[in-house]
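Residue numbers (my numbering), protein chains in the order written: chain A, 136 to 468; chain B, 9 to 660; chain C, 122 to 384.
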């Protein structure tokens, strides 16, 4: 119990920080809620990418640096394919592409390196990252592409009765959030309720035992990389529809890194919660902390969004190395 | 109970009635391979009839005994009724009895036919076969592990059932005449009671006795075919059988058989019984489980639990009894019900319990109040095998922790000058089987059953049992001395594991105490009191103080009871070793053997009575591997405060 | 052992001249023995005798440098554990290898995995054949739960069970595969007397009821002698004895090897 105090304190501090703008009257409630929702929205995307990380790490022990590149690759594929066919067909085909990619990665990268040191596998995924970034451009082109989900981009005003001036909400964001929630639900069902999901969890728990009861590791890796690919695709499509598909999309992976550290590498729940915490945290910091810094220290402000996530992750790393939901690593003798 | 039971004077007739009146309703449920399987009343009747025909074909005749050895299983209950269909007598036997213990009942009843639940029971029956030459057929329900058994006596239940079915198909009226021949005065079943000394006695109960009592209690509680009961105690004990057989046959309610002894809690949660029976030790074990889980819970949960349990202690019982309670408390209790009591009842599997009974031994007031305070209508009843259970029941709204309620309709009570309780009731047993001597001693010519229990009726006409008559003694000055009553009162404190009272023929009451290692151990740990083991802990002054407080609380209680105020505990000691059945100090059922202990520790008893402060003891102990050794210790003896009857209020 | 449901049959598994080395360390040297269908075959030996290596070779975890394993008439060299599992060899683990994130029921259900036929999509939709299949498998598993008497703990996370029970769940998971041969890696290790007795009973029951051929390694001599039909004795990676418990007990080489170490 005593060990948890630093974590509790840190969480409490975050909550206080979260409540401060509202409590001190620094922000009108309507605006505050808008910022909060904006943060959550970004958080959802972080969560999706981080989930891909966590899934692969849990099932195969590989820290997949290429998750960000997969997001970009998937988004590019969908964007370009959609120019030639209806969007739903492009998405379906994109899924096929991601599954094919999983097959290739398993065959070319994972299988030859099985039983090698973790660092070797990590380096391999680094290679995959650069390959995907480059290869994606070779195949799909390097311009900025658009994905049009067919939902109006104009924000709508809601809750005018509750907040003065109401709250501006982007319909597309709402749709994206719903899609993300649905995806998480489907994945949860898949893992909890199907025999394959059970096999995947078995592999994640104990490779050796899983093999000895006849679960083929290779096939499980293909499945989990495919799932991670599909998650990347959903993230890519959502991201792409908001900001356009371009190289910077792959940088979202860099944000997912602090998320998994915060949430715990092996936990899907951790990825989701971590994503939301970081999404909201950095948006709040940018909007409310920034001006304070400017005023008090006469700094230029700005850029908080770029480092806040890492500082937060670092703090959590200090007080709880395994992450919020991660398992404490115990070496078996 | 909408249907009239007139003319249905035997269990087979009742079963036929239910098969007609509510054929599709569930009669029995059993969890098998993780799924609750239901037997409707029709199925139950069909099974019983087919098995009866099989038995008849195998040579089972009117008046024959069918031994039934096993747990609560639908087929075992079907076999009970099957035997009764033929005018035979089922003899349920304890499934956890050792083989040797089974020999006597089987010889005594001249059992020729037996039904065993599984291989384990078959093995025991086969073992005693040489002593029981009359036993000629042994059927078994569960065939697992039975493949290699080649004994000619053995046959599977299924085979007999098939034979019965075939016979029934040839002649559907086969059984009707047999069933019609039965009458209420026929013997319905025989239950063996484990005597503390000598051989067990076969208590012969008629259909009339069991049905009459089952109906009287059902009427009192308003039981109907919508009630649900979980059968988890040995069916050989009348305390289970009356609830899982007789009353079900009278009301048509459904019996549920748990998957195994270990799953009872889970199964109860799934089934949600409405009518429940548990001896105090089961209730105690449940409470312990809850307490342990609460200890492990988070701080908020624990805080909530403590707060609301304190509230429940204060007002829960009153709310259940419908007595007036302040509006604020009532509201808080409602909140507590939402947050604590409701979930707690759910965990216990008692969310739907309307009526719960406890009986068999005295129940601690705190334990009793705990269940009532969280809204479970737990009540006490008094009865025994010889009385078809129901003698006294606490009616709703008149529930006390220390009495067992007024007599149920049809029962007459009176007392001998020695305070022995005598009972006359339609539920009384016919006789002890082949034991006219014992029958004569227990039942006088006017039909009064001598219970052997000492007690009295309080001002409201509620029966209060204090002790066994043979144990009730008097102090030198003639004051009533009820050792077991005092021992129980002291044992209700969690710190006291066993207590033994001495006082008969002496001028004051003195006590031996065994502390409860677990409770006192954790108490000591919380106070940073180091100890090396039982003997060490039991010799601590702090522990003596702890026990003294318990003793003095008992004394304060006693002071309030006019009959017993004179027998307060004046001195006590904490024994240096735990009383043990292996050393002959407890019976196998963990009851203290006061006489044996008094002899063994004569020196200590004398020291308590003559006022010494310290005494040195050496005792022989038997280790688990059979060796014996000596332990020795200096024991401290302590005085406890005695309250005058008038001063009681102040001290409490 | 006089009564058994399935008389001992033909050779089902044979180990022929197996040698295994890790770097320069020889774990097994030219070990040969055979296992007959329906028998309980024990491999015993002092610590470090190569028992576990032997089991891992049969199971496909290690691939021996020399020698072959013949199972059901087929010779195999480089089979992976999941392939030997498909072929009909199941195993339990000395150091529990249960899936600790799962309940008892789920753990045992994973043992049915290799017998699941429905494809992913059908599973996900819990549609028609997949649902029927799941129910069928669940029923199988329930029979095993009943057989090994673990009903009270179906929904309990395995990590919360006492050690002896976890071992039983491990056995249940292996049984769920309906293997022809069951490899037990020190099934009584770390158990108290009562748990050991239970485990012995279960092993014999499994052998009798399902007819499963059992190969077990164990260093508790007493237990092994009671329940085995035949015993292989290893010492320093070499076979030094092979025969009925009675024969093995009388063998001078075995006595030397065993009395050399305190027991």
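C-beta: ideal position from N, C-alpha, C; glycine also.
When C-beta distances to chain C are compared with 9 Å, the residues of the region 33 to 64 of chain B below that value are 39, 40, 41, 42, 43, in chain order. Of 143/C, 300/C, 343/C, the smallest CA-CA separation from residue 314/C is found for 343/C.
Taking C-beta atoms as the reference points, residue 567/B and residue 576/B count as a pair closer than 8 Å. Among the CB atoms of chain B, none fall inside 8 Å of the CB of residue 258/C. Spanning the alpha carbons of residue 246/A and residue 353/A requires a straight line of approximately 7 Å. Where residue 367/B is concerned, there is no enclosing alpha helix (DSSP H), because DSSP gives it neither an H nor an E. The distance from the Cβ of residue 259/A to that of residue 248/A is about 6 Å, consistent with a contact at the 8 Å cut-off. For residue 296/B, the nearest beta carbon of chain C is not closer than 8 Å to its own beta carbon. The continuous alpha helix (DSSP H) containing residue 343/A extends over residues 342 to 347. A residue is called buried when at least 16 other Cβ atoms come within 10 angstroms of its Cβ; residue 412/A meets this threshold and is buried. The closest CA to that of residue 409/B, considering only 430/B, 417/B, 153/B, 377/B, is found on 377/B. Among the residues of the region 266 to 284 of chain C, those with a Cβ less than 9 Å away from any Cβ of chain B are 266, 267, 268, 270, 272, 273, 274, 275, 276, in the order of the chain. Per DSSP, the beta-bridge partners of residue 624/B are 642/B. In this structure, the alpha-carbon of residue 640/B lies about 23 Å from that of residue 532/B. Listed in chain order, the non-local C-beta contacts of residue 412/B below 6 Å within the same chain comprise 388, 390, 400, 471, local neighbours out to five positions each way being set aside. In the displayed model, residue 288/C falls within a helix according to three-state DSSP. Between residue 410/A and residue 185/A, the beta carbon gap of about 5 Å places them in contact (Cβ cut-off 8 Å).
Here DSSP, grouped into helix, strand and coil, assigns residue 138/C to strand. Between the region 197 to 211 of chain A and the region 227 to 238 of chain A there are three or more inter-stretch CB-CB distances shorter than 8 Å, so the stretches are counted as touching. In this structure the region 202 to 220 of chain C touches the region 286 to 295 of chain C; the number of beta carbon pairs closer than 8 Å is three or more. Apart from the 5 residues on each side of it in sequence, residue 365/C sits with its Cβ closer than 8 Å to the Cβ of 350, 351, 352 in its chain, given in chain order.
For residue 159/C, no CB of chain B lies under 8 Å from its own CB, so it is not counted at the interface with that chain.
The beta-bridge partner set that DSSP reports for residue 481/B consists of 489/B. Around the C-beta of residue 171/B, 16 or more other C-beta atoms lie within 10 Å, and the residue is accordingly described as buried. Per the coordinates, the alpha-carbon of residue 212/A lies some 15 Å from the alpha-carbon of residue 361/A. Residue 263/C has a beta carbon lying within less than 8 Å of a beta carbon in chain B. The C-beta of residue 432/A has fewer than 16 other C-beta atoms within 10 Å across all chains shown, which makes the residue exposed.
In this structure, residue 339/C sits near residue 308/C, with a CB-CB distance shorter than 8 Å. Rounded to the nearest angstrom, the gap between the Cα atoms of residue 549/B and residue 557/B is 12 Å.
Relative to residue 237/A, the option among 147/A, 407/A, 368/A, 161/A whose CA is nearest is 368/A. Within the model, the alpha-carbon separation for residue 164/B versus residue 40/B is close to 19 Å. Listed along chain C are 270, 272, 273, each with a C-beta nearer than 8 Å to that of residue 268/B. Residue contact with chain C for residue 330/A: present (Cβ-Cβ distance below 8 Å to some residue of chain C). Close partners of residue 298/C in chain A (Cβ separation under 8 Å): 348, 349. The beta-carbon distance between residue 282/A and residue 376/A, rounded to whole angstroms, is 5 Å. This is short enough to meet the 8 Å contact definition.
Less than 8 Å separates the beta-carbon of residue 192/C from that of residue 208/C.
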